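Engineer:
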Amino acid sequence: MVNQRLLLLDGHSLAFRSFFALPKDSFRTDQGQYTNGIHGFINTLLKLYADVKPTHVAVAFDLSGGTFRTKEYAAYKGGRADTPEEFEGQIPLIQEVLDALGIEWITKDQFEADDIIATLADRGEKAGMKVVVSSGDKDVYQLVSDAVTVLYPMPRSQMLEMTPDVVKERTGVPPELYSDLAALVGEKADNLPGVPGVGAKTAQKWIDTYGGLEGIIEHADEIGGKVGDSLRENLEQVKLNRRLNELLRDMPLEVDFDELKPRGVDREAVHQLFDTLDFTSLRGRVLAELPLAEGDSEMASESLAGLEAVTAAPGDLAAWLAAHASERLGLFLVGRGQPRRGDIEMIAVASSSGDALVADRVDLSEEDVRAFTTWCEDSEAIKVVHEAKAAWHAIKGSFDAELAGVGVDTELAAYILHPDQRSYDLNDLIVRHVGMVLPDMAADELDLGLSLGGGAVDGPAARAWALLPLADVLEREVDARGSTELLHGIERPLMTVLARMEHVGIAADTAVFDDLHKEFDSRVTRAAESAYAAIGHEVNLSSPKQLQVVLFDELGLPPTRKTKSGYTTNAEALTDLFTQLALREDDRAAAGREFLGQLLEHRDAIKLKQSVEGLSKSVLDDGRIHTSFQQTVAATGRLSSTEPNLQNIHARTEEGQRIREAFVPGDGYESIMTVDYSQIEMRLMAHQSGDAALIQAFIDGEDLHSYVAGRVYGIDPTEVSPAQRNKIKAMSYGLAYGLSAFGLSRQLRIERSEAQQLMNDYFERFGAVRNYLESVVAQARRDGYTSTILGRRRYLPDLTSDNRQRREAAERMALNAPIQGSAADIIKIAMLGVDRALTVEGLASRVLLQVHDELVLEIASGEEEKVRRVVTQQMESAVDLSVPLSVGVGVGPSWRAAAH
DNA sequence: ACTGATACGTA
DNA sequence: CGTACGTATCAGTG
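Residue numbers (the working numbering): 260 to 1159.
#1: Taking its Cβ as the centre, do 16 or more other Cβ atoms sit within 10 Å of VAL356, making it buried, or is it exposed?
#2: Given that a residue counts as buried once 16 or more other Cβ atoms are within 10 Å of its Cβ, and exposed if not, what is GLY713?
#3: Suppose contacts are defined by Cβ-Cβ distances below 8 Å. Is PHE922 in contact with TRP1154 by that definition?
#4: Output needed for ASP706: all residues of its chain with C-beta closer than 7 Å, excluding positions within five of it in sequence on either side, in chain order.
#5: Helix, strand or coil: which one does DSSP assign to THR326?
#6: Are TYR826 and PHE811 closer than 8 Å when you measure CB to CB?
#7: For the alpha helix (DSSP H) containing ALA406, name the first residue and the last one.
#8: In this structure, does DSSP put TYR332 in helix, strand or coil?
#9: Would the beta-carbon of GLY601 fall within 8 Å of that of ALA653?
#10: According to DSSP, is GLY708 helix, strand or coil?
#11: In its own chain, which residues sit with a C-beta less than 8 Å from the C-beta of GLU384, not counting the 5 before and 5 after it?
#12: Going by DSSP, which residues form a beta bridge with ILE931?
#13: What's the gap between the Cα of TYR683 and the Cα of TYR400?
#14: What is the DSSP secondary structure of HIS909, counted as helix, strand or coil?
#15: Within a Cβ cutoff of 6 Å, which residues of the same chain sit near ALA720, ignoring the five residues on either side of it in sequence?
#16: DSSP three-state label for SER285, please.
#17: Could you pull out every unbroken alpha helix (DSSP H) segment of at least 4 residues lying fully inside the stretch 469 to 514, listed in chain order?
#18: Considering only residues of the stretch 794 to 868, which uninterrupted alpha helix (DSSP H) runs meet the minimum length of 4 residues and lie entirely inside it, listed in chain order?
#19: Does the pairing of the stretch 847 to 867 with the stretch 628 to 643 give three or more beta-carbon distances under 8 Å?
#20: How is LYS312 classed by DSSP in three states: helix, strand or coil?
#21: When you compare the CB positions of ALA766 and GLY925, do they come within less than 8 Å of one another, or not?
#22: Report all residues from its chain with a CB closer than 8 Å to the CB of GLY395; omit the five preceding and five following residues, and keep chain order.
#23: Go ahead and label ASN907 buried or exposed: buried means 16 or more other beta carbons lie within 10 angstroms of its beta carbon, across all protein chains shown.
#24: One question on the structure: do ARG984 and SER965 come within less than 8 Å of each other, judged by their Cβ atoms?
#25: Among all the DSSP beta bridges, which residues are the ones paired with LEU551?
#26: Counting Cβ pairs, one atom from each stretch, are 3 or more of them under 8 Å apart for the stretch 778 to 793 and the stretch 656 to 674?
#27: My output table needs one value for LYS367: the three-state DSSP class, helix, strand or coil.
#28: Could you give the uninterrupted runs of the alpha helix (DSSP H) lying entirely in the stretch 953 to 1003, keeping only those of 4 residues or more?
#29: Just to check my reading of the structure: ILE689 and ALA725 have Cβ atoms closer than 8 Å, yes? What is that Cβ distance to the nearest angstrom?
#30: So, at 8 Å on beta carbons, what are the nonlocal neighbours of ALA1157 in its own chain, with the 5 sequence-adjacent residues on each side left out?
#31: Where does GLN531 land, buried or exposed, given buried means 16+ other C-beta within 10 angstroms?
#32: In angstroms, rounded to a whole number, what distance separates the CA positions of PHE957 and SER937?
#33: Using only the alpha-carbon positions, how far apart do LEU1140 and GLU978 sit?
#34: Spell out a yes or no on whether the stretch 345 to 362 and the stretch 483 to 495 are touching, meaning 3 or more CB-CB pairs, one atom from each, closer than 8 Å.
#35: Express the C-alpha separation of LEU322 and SER438 in angstroms, rounding to a whole number.
#36: Which first and last residues belong to the beta strand (DSSP E) in which MET605 is found?
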């Protein structure tokens, strides 16, 4: 056993130290489980692993319940504060982690972790091993010898290495006499009282004089002074202390050293466990720094070892691409990938055989550029790319070429598999699915963000190459789930459609923005000044905190609904307050009304002003606004829009609609067309539920809300009042969001009982809807996920949560996801159909925007009728439901004018 | 410079 | 105590 190193850890002690060292609120899963002790323990383990490089490892844990020590001395380790609530459950999770890491952990009834450690240390030493013990408990000092050292955890994850000399230096006695010292001085943590008046210095002196506790007891009578009396009075306690603090070196333990050899990390188990613990950074470190289990390690080492990356000189890229023609290649770009702002700095390409080439943009010859763009545009040349849309823009911006032939966009594939994540970091995916830990790269370079440029050749090459096995793994998973059509039939081709939409942008009439800005700005100023005048001083009207002081302290208004930090000042609450004040006649009420009115006006005006400002700033030098559509953000399958968000441009108010007047056809185009699905979510509700009455209403082309209201109220649809229709409309939409009677009553400002009655009547008439909604949740709870009509899944683990609030929130998501998600599926199909049809028909008109249930198009001269026909046809026939899909079309000189 | 809270725009 | 988003601002933190 020479040259073997045995690492022994006290699991509870190390975890408990970490628990207090790390801020617990920074380490919490959304399930509410605290993980700071686990996190710290793993950190410590990794540190020890790196320092010790052990051949054998064991982690010992105490068991709850008594030990042989408590039998002898009931108060042993008594008087300790209860385990903090937040520490609960962390020890079993650490044990799960150790299982996943392939590291042995040991408990033994009636014995403490330190006894296990002492016994194993003793056996290890006798077997000729070098032993390292790590524990936060000082008792283990007694184990230190030439072969056994203790690593004592210090603040800031430092480790103090306790050799015999260090023990002597720090305690004044050699390790073998440490227990004697501790017996005299006592150990607070163990509830063992020492001899009163005897501290480390005195004890040390006695030990020096009499050679140890035995000698001291023998000569107890000779020791004079108060401390001598004290010693004699407490002799029994000291003897007891000594018996208790002696660690057992020969406890019965059936452990073979072979079992302590690390079995290697089970990668999948680590991923699963770390997923539930919300550990991210630790994952990569664990996989990189600990030995992998056999099957897993082969893959990783083989992968990285097989890579041969070359830095390209001019001409090399062209030659490389020629040599790898007709191969499926990984493509990794460094640079920027935004619409009209694409810029490549580095190109890395790799083949599955392990050939890779990294070319700096500045080193490309004309021939290289030609070869690269030809390859990019060749739809038969299959590329594997992460964030293909960003790559598309980068290539467009740098070489005016369009990326085609994307076989797999690994980001999209990952999104299909886990739509609830907010981002899909390539490194994480590779670590997770391929088990490779890649060479570092500047963080900025990873996502086609800003590049630091130069240098990091290994990073891009390794990534280009790792994309290939990653794509294989992801595709297999997508396939196994039956989502291949969703990925390759919808999302992947949609990427190109979106890239072009973003690239084209929408023309903006900046004169309109300028006029509106002036107007809104003066409204803001006027409202602010009037508001200040009403209360006699200035205040930041954009600060909810300052507003609360004015409203509830100065003006003495009644408190509104509570928020996390005070009382809400939102428009709804302010309007309520205003209404209350309208009933009062006094001067203070008048001032309050004036302030509230001006505040609401200010809110309104400043929001409009900010909108206009933001949009103005986003107009590029081509006179157009280029949003970015996020294809992998919304958990339901919707798109989202950023920089700027063109999916939330004001539409409801007159003033807001004027902003839409600034969105106009560009040069060479004559009008804007909007086409939107009519009540697509309600139609999906009818289709999915199979409710005969609802389906019939759509087939008959009735006014849906009047029809439903007629049924609910038991009257003829023509007799339904506007108020009744509105209530029913709100409820119909609310149902798809999991609306409760409480919520409905609040929204409609009606009695709870009336809201409940309304819902009862609704479900009475449309029973299939209720059955459907219930079955959706039941199915989701059973399977763990919801599905859209295209099989897009959303996983909702919280459906089985013990926490009512979380569970009910998940239930509402489960109700909504199939409806919202199916609508998203349908318009995505429609977009592909419209795009294809416009091309096939040779039309110059083009889709500019998607706003969830609406497409915005730019219409070329003379194409209006043809486009209207094509788009209507494509959108209405996107899928075949048991109800017709119907669209409304509007055309005009601006987005506003195109409304209908 | 970043983060969380608040408020508010859209479907 | 109705889903899905993005953005602006403030206020606290580093």
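Ideal placement from N, C-alpha and C gives every residue a C-beta, glycine not left out. Treat the numbers as computed from the prediction; the structure is a model and nothing was measured.
Structural biologist: Judging by the given coordinates:
#1: Mapped onto the first sequence, residue 356 falls at position 97. By the 10 Å Cβ count, VAL356 comes out buried.
#2: As a position in the first sequence, residue 713 is number 454, starting the count at 1. Reliability fails at GLY713, whose pLDDT of 39 lies under 50, so the model's placement of it is uncertain and the value that follows must be treated cautiously. Classification of GLY713: exposed, given that the 10 Å Cβ count is below 16.
#3: Along the first sequence, one-based indexing puts residue 922 at 663. Along the first sequence, one-based indexing puts residue 1154 at 895. Cβ atoms of PHE922 and TRP1154: closer than 8 Å.
#4: For the purposes of this step, residue 706 is taken as residue 447 along the first sequence, with counting starting at 1. Note that ASP706 has pLDDT 42, beneath the 50 cutoff, so the model's placement of it is unreliable and the number below is only indicative. GLU646, listed in sequence order.
#5: Your numbering for residue 326 matches position 67 in the first sequence. Here THR326 sits in strand by DSSP.
#6: Counting from one through the first sequence, the residue named residue 826 turns up at place 567. Counting from one through the first sequence, the residue named residue 811 turns up at place 552. Result yes, Cβ atoms of TYR826 and PHE811 sit closer than 8 Å.
#7: By 1-based counting over the first sequence, the position of residue 406 is 147. The continuous stretches of alpha helix (DSSP H) do not include ALA406, and DSSP gives it neither H nor E.
#8: As a first step, residue 332 is located in the first sequence; it is residue number 73 there, counting from the start. In the three-state reduction of the DSSP assignment, TYR332 falls in the coil class.
#9: As a first step, residue 601 is located in the first sequence; it is residue number 342 there, counting from the start. As a first step, residue 653 is located in the first sequence; it is residue number 394 there, counting from the start. Yes. Within cutoff.
#10: For the purposes of this step, residue 708 is taken as residue 449 along the first sequence, with counting starting at 1. The predicted position of GLY708 is uncertain, since its pLDDT is 36 and thus under 50; no value can be drawn from it.
#11: Mapped onto the first sequence, residue 384 falls at position 125. Once the five neighbours on either side are set aside, the close Cβ partners of GLU384 are VAL390, SER404, ALA406 and VAL407.
#12: Taking the first sequence and counting its residues from 1, one reaches residue 931 at position 672. For ILE931, which the question treats as bridged, DSSP gives the partners GLU1117 and GLY1151.
#13: By 1-based counting over the first sequence, the position of residue 683 is 424. By 1-based counting over the first sequence, the position of residue 400 is 141. Cα-Cα distance, rounded: 48 Å.
#14: For this step, residue 909 is matched to residue 650 along the first sequence. Residue state, collapsed to three classes: coil.
#15: Stepping through the first sequence from its first residue, residue 720 is reached at position 461. Only ALA568, ALA607, ALA615 and VAL617 meet the Cβ criterion.
#16: As a working mapping, residue 285 is identified with position 26 in the first sequence. In the structure shown, SER285 sits in a helix (DSSP, three-state: H, G or I).
#17: The qualifying runs are 472 to 477, 484 to 492 and 494 to 504.
#18: Unbroken alpha helix (DSSP H) runs of no fewer than 4 residues, entirely contained in the stretch 794 to 868, are found at 803 to 807 and 830 to 841, following chain order.
#19: Not touching, per the Cβ criterion.
#20: One-based indexing of the first sequence puts residue 312 at position 53. Note: LYS312 maps to coil in three-state DSSP.
#21: Along the first sequence, one-based indexing puts residue 766 at 507. Along the first sequence, one-based indexing puts residue 925 at 666. Yes, these two residues count as a Cβ contact at 8 Å.
#22: By 1-based counting over the first sequence, the position of residue 395 is 136. The answer, listed in chain order, is ASP269, SER272, LEU273, PHE275, ARG276, TYR411 and PRO412.
#23: The residue given as residue 907 occupies position 648 in the first sequence. Classification of ASN907: exposed, given that the 10 Å Cβ count is below 16.
#24: Here the question's residue 984 lines up with position 725 in the first sequence. Here the question's residue 965 lines up with position 706 in the first sequence. In terms of Cβ geometry, ARG984 and SER965 form a close pair [threshold 8 Å].
#25: As a first step, residue 551 is located in the first sequence; it is residue number 292 there, counting from the start. VAL524, per the DSSP bridge assignment.
#26: Under the Cβ criterion (8 Å, minimum of three pairs), the stretch 778 to 793 does not count as touching the stretch 656 to 674.
#27: On the first sequence, position 108 is the one that residue 367 refers to. In the structure shown, the three-state DSSP call for LYS367 is coil.
#28: Segments of the alpha helix (DSSP H) lying fully in the stretch 953 to 1003: 963 to 972 and 981 to 994.
#29: For the purposes of this step, residue 689 is taken as the residue at position 430 of the first sequence. For the purposes of this step, residue 725 is taken as the residue at position 466 of the first sequence. Between ILE689 and ALA725, the beta carbon gap of about 5 Å places them in contact (Cβ cut-off 8 Å).
#30: In the first sequence, counting from the first residue as 1, residue 1157 sits at position 898. Counting only Cβ-Cβ distances below 8 Å, and skipping sequence neighbours, we find SER930, ILE931, MET932, THR933, VAL1115, GLY1149, VAL1150 and GLY1151.
#31: Residue mapping note: residue 531 aligns to position 272 of the first sequence, counting from 1. Classification for GLN531: exposed.
#32: Against the first sequence, residue 957 aligns to sequence position 698. Against the first sequence, residue 937 aligns to sequence position 678. Straight across, the Cα-Cα distance linking PHE957 with SER937 is about 11 Å.
#33: Within the first sequence, the letter at position 881 stands for residue 1140. Within the first sequence, the letter at position 719 stands for residue 978. Cα to Cα, LEU1140 sits roughly 30 Å from GLU978.
#34: The stretch 345 to 362, when compared against the stretch 483 to 495, does not touch it at the 8 Å Cβ threshold.
#35: The sequence position of residue 438 within the first sequence is 179, counting from 1. The sequence position of residue 322 within the first sequence is 63, counting from 1. Answer to the nearest angstrom: the Cα atoms are 23 Å apart.
#36: For the purposes of this step, residue 605 is taken as the residue at position 346 of the first sequence. Element bounds for MET605: 600 to 610.
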